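Working notes, beginning with the structure itself.
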Amino acid sequence: SLRDRSQGQPLGGHPAANSLRLGSQFAAMAEYVEKTMQEMVPELDDLKRKSIFNEEELRQIVKRRRDFEYGLQRNTSKHQDFLNYIRYEVAVECLRSRRSKALHWRRKTISDFAGLRRMHIIFDRGVRKFKGDTRMWYQYVDFCLRSGSTKVLSRVLLRALKFHPREVHFWLLAADRELKCGHIKAARTLLVRGLRFAPKSAKLWGEFLRLEVRVACHLQAVRDSPEGFDKSAPSANAWAPGRLLFRRGLKQLSNSPVACAAFLAQAVQCLKEAQSEPSAGEGLKEWAAEIRTALAQWRPGVVEDQEWSDASDETAVNIWELWWNHELVCGNPWSTVTDSAATSAPLAVIRHLASTLAAEAVKGASVEEHTDVETAVVVLTKLAGKP
4 SLRDRSQGQP LGGHPAANSL RLGSQFAAMA EYVEKTMQEM VPELDDLKRK SIFNEEELRQ
64 IVKRRRDFEY GLQRNTSKHQ DFLNYIRYEV AVECLRSRRS KALHWRRKTI SDFAGLRRMH
124 IIFDRGVRKF KGDTRMWYQY VDFCLRSGST KVLSRVLLRA LKFHPREVHF WLLAADRELK
184 CGHIKAARTL LVRGLRFAPK SAKLWGEFLR LEVRVACHLQ AVRDSPEGFD KSAPSANAWA
244 PGRLLFRRGL KQLSNSPVAC AAFLAQAVQC LKEAQSEPSA GEGLKEWAAE IRTALAQWRP
304 GVVEDQEWSD ASDETAVNIW ELWWNHELVC GNPWSTVTDS AATSAPLAVI RHLASTLAAE
364 AVKGASVEEH TDVETAVVVL TKLAGKP
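What the sequence shown shows, in this note's numbering, is residues 4 to 390, in sequence order.
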């Protein structure tokens with residue numbers, strides 16, 4: 004290392020000063036570790052009183068925990084050090100739980116809660132040190148879900164969003180958590196905030212649309228009930244928010260065929276779920292017409308934009324298949340589908356449609372549905388004759 008020429012000492016300072024500084028850091032580390040170990044005494048006494056662990060096992064637990072604590076206090080501690088500590092605590096907690104059940108302990112005492120609390124503390128220390136590591140946050144979220152720590156989960160997700168606002172899955176998890184708690188307004192607020200940071204996320208738009216569809220179905224059901232709604236009061240269209248959101252989502256995702264395909268697939272799924280409800284209303288029929296129009300409009304080969312002309316074969320096949328399945332549900336025959344495909348569809352779509360028609364013909368022949376066989380064969384022949 005570089006040295007001061009006049010004294011021949013390292014530029015970092017005098018060796019005695021460096022040694023004193025390191026000694027004070029180690030003393031602070033040791034003090035913190037011993038304080039942490041002292042906080043475990045009531046738990047360890049309770050485990051000994053209940054005969055879940057003997058003295059030798061308790062000494063081994065204390066030794067391992069002390070080693071882990073010193074490891075976490077080092078400046079060179081890594082992400083894996085926290086996970087190793089948590090794995091050890093999970094193993095100890097599982098063993099404690101099995102022995103407690105074998106000994107028929109029913110009354111809950113301090114040792115029944117200390118293990119889970121300690122694991123949360125370790126995870127909290129880990130995400131504080133590695134704020135930018137999304138893996139650590141996801142592992143903490145997964146631990147909260149597996150351990151049933153639902154209240155802690157909500158707080159963890161909000162903290163994760165503070166440091167990773169562009170991580171779409173954190174927004175989805177947070178909104179889903181609010182929905183499970185019945186907080187529709189909070190879930191809607193989270194999804195709106197998420198779209199500000201990730202406006203091109205098909206998953207966020209799709210989940211937002213699903214939320215609005217569920218709300219619309221609930222409002223329509225309440226209005227149709229004899230005692231749930233005042234008939235004389237003016238009523239807004241329950242499907243208006245969902246229809247508006249659908250149009251905005253399409254506009255935002257129109258430059259990305261992959262995202263648009265995912266969003267349209269989610270919209271079709273939401274429509275099927277809504278149509279299965281006994282109460283639909285005119286608003287749902289109007290939205291169904293909008294979805295049908297959008298499926299027909301946003302197909303590679305129909306859209307003239309460069310982004311859609313360069314769409315991959317897989318994306319093109321997915322969108323076209325989504326369209327023709329919806330057309331068949333609406334009552335249109337295969338001949339209408341093949342006419343449109345032969346006119347506008349890319350080659351990969353025509354090949355996939357031909358294989359689908361061939362499979363339908365074979366399927367019809369196997370069950371002796373001669374009408375379906377004849378229709379499929381005629382349409383397939385017609386498709387083959389197209390330029």
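Beta carbons: idealized from backbone N, C-alpha and C, even for Gly.
Just so it is clear, the structure is predicted and the values come from calculations on it, not from any experiment.
First and last residue of the uninterrupted alpha helix (DSSP H) at residue i
i    : result
W301 : Where W301 is concerned, there is no enclosing alpha helix (DSSP H), given that its DSSP letter is neither H nor E.
R102 : H82 to A105
I55  : Unbroken run through I55: none, as it is neither H nor E.
M139 : T137 to S150
H221 : A205 to D227
A345 : W337 to S347
F249 : A243 to L256
G197 : I187 to F200
N328 : D316 to V332
C184 : First-last for C184: undefined, no H or E at that position.
F126 : I113 to K132
T153 : T153 to F166
E310 : Q309 to S312
P260 : P260 to Q278
Beta-carbon proximity list for residue i, same chain, < 6 Å, skipping 5 on both sides
i    : result
G129 : F85 and M139
I322 : A264 and R302
N240 : G286
R102 : I55
Own chain, CB closer than 8 Å to residue i, minus 5 neighbours either side, in chain order
i    : result
K234 : At K234, the pLDDT of 49 sits below 50, so the modelled position is not reliable; the number obtained from the coordinates is stated separately. Result list for K234: empty, nothing under 8 Å.
F71  : D84, N87, Y88 and Y91
A236 : At A236, the pLDDT of 42 sits below 50, so the modelled position is not reliable; the number obtained from the coordinates is stated separately. Answer for A236: no residue qualifies.
T339 : E330
I64  : L47, F56 and V95
P244 : E215, V218 and A219
Nearest to residue i (by Cα), restricted to the options the options
i    : options                   : result
H123 : E330, I113 and V144       : V144
A344 : F166, D48 and L356        : L356
G311 : W326, A262 and E280       : For the record, residue 311 in the displayed sequence is Trp; it is not Gly. It is A262.
P168 : Q76, C147, E181 and K134  : K134
A270 : V365, P260, L222 and R250 : R250
W242 : R217, W108 and V65        : R217
R226 : Q272, P281 and V195       : P281
N328 : D316, A314, L360 and D313 : L360
L248 : S103, I64 and I294        : I294
A264 : L325, E285 and P244       : L325
R77  : M32, Q223, C333 and G286  : M32
R62  : G209, L256, L75 and D48   : D48
R246 : P260, A219, S228 and Q272 : A219
I125 : Y73, L222 and A105        : Y73
P202 : L161, S259 and R110       : S259
V332 : Q272, G286, V365 and E317 : Q272
L256 : S228, H221, G209 and E285 : G209
S80  : R102, M43 and R131        : R131
E317 : E34, R101, R354 and N335  : R354
K165 : G185, L148, K183 and R196 : R196
R120 : M43, L161, A105 and R162  : M43
Chain-order list of residues whose beta-carbon lies under 7 Å from that of residue i (same chain, five-residue window excluded)
i    : result
A297 : L253 and L267
G118 : E92, V95, E96 and R99
A291 : L274
E181 : A189, A190 and L193
Q10  : The predicted model places Q10 with a pLDDT of 43, which falls under 50 and marks its position as unreliable; any figure quoted below should be read in that light. Excluding sequence neighbours, Q10 sits near nothing in its chain.
V36  : R69, E72, Y73 and Q76
C147 : V155, L156 and V159
CB contact flag (residue i, residue j, <7 Å)
i    : j    : result
E58  : I113 : no
V171 : S204 : yes
V352 : A319 : yes
D136 : H82  : yes
Any C-beta of chain D under 7 Å from that of residue i
i   : result
N57 : Of the chains in the structure shown, none is chain D; there is only one protein chain.
| field | the region 76-93 / the region 51-58 touching (three or more Cβ pairs under 8 Å) | value | Segments in contact, no.
| query | Quick one: any contact between the region 299-313 and the region 338-352, if contact means 3 or more CB pairs under 8 Å? | reply | Taking a contact to require three or more Cβ pairs closer than 8 Å, the region 299-313 and the region 338-352 qualify as touching.
| query | For the 8 Å Cβ check, are there 3 or more pairs between the region 176-189 and the region 144-164? | reply | yes
| message | Between the region 206-219 and the region 273-287, can you find at least three pairs of beta-carbon atoms closer than 8 Å? | response | yes
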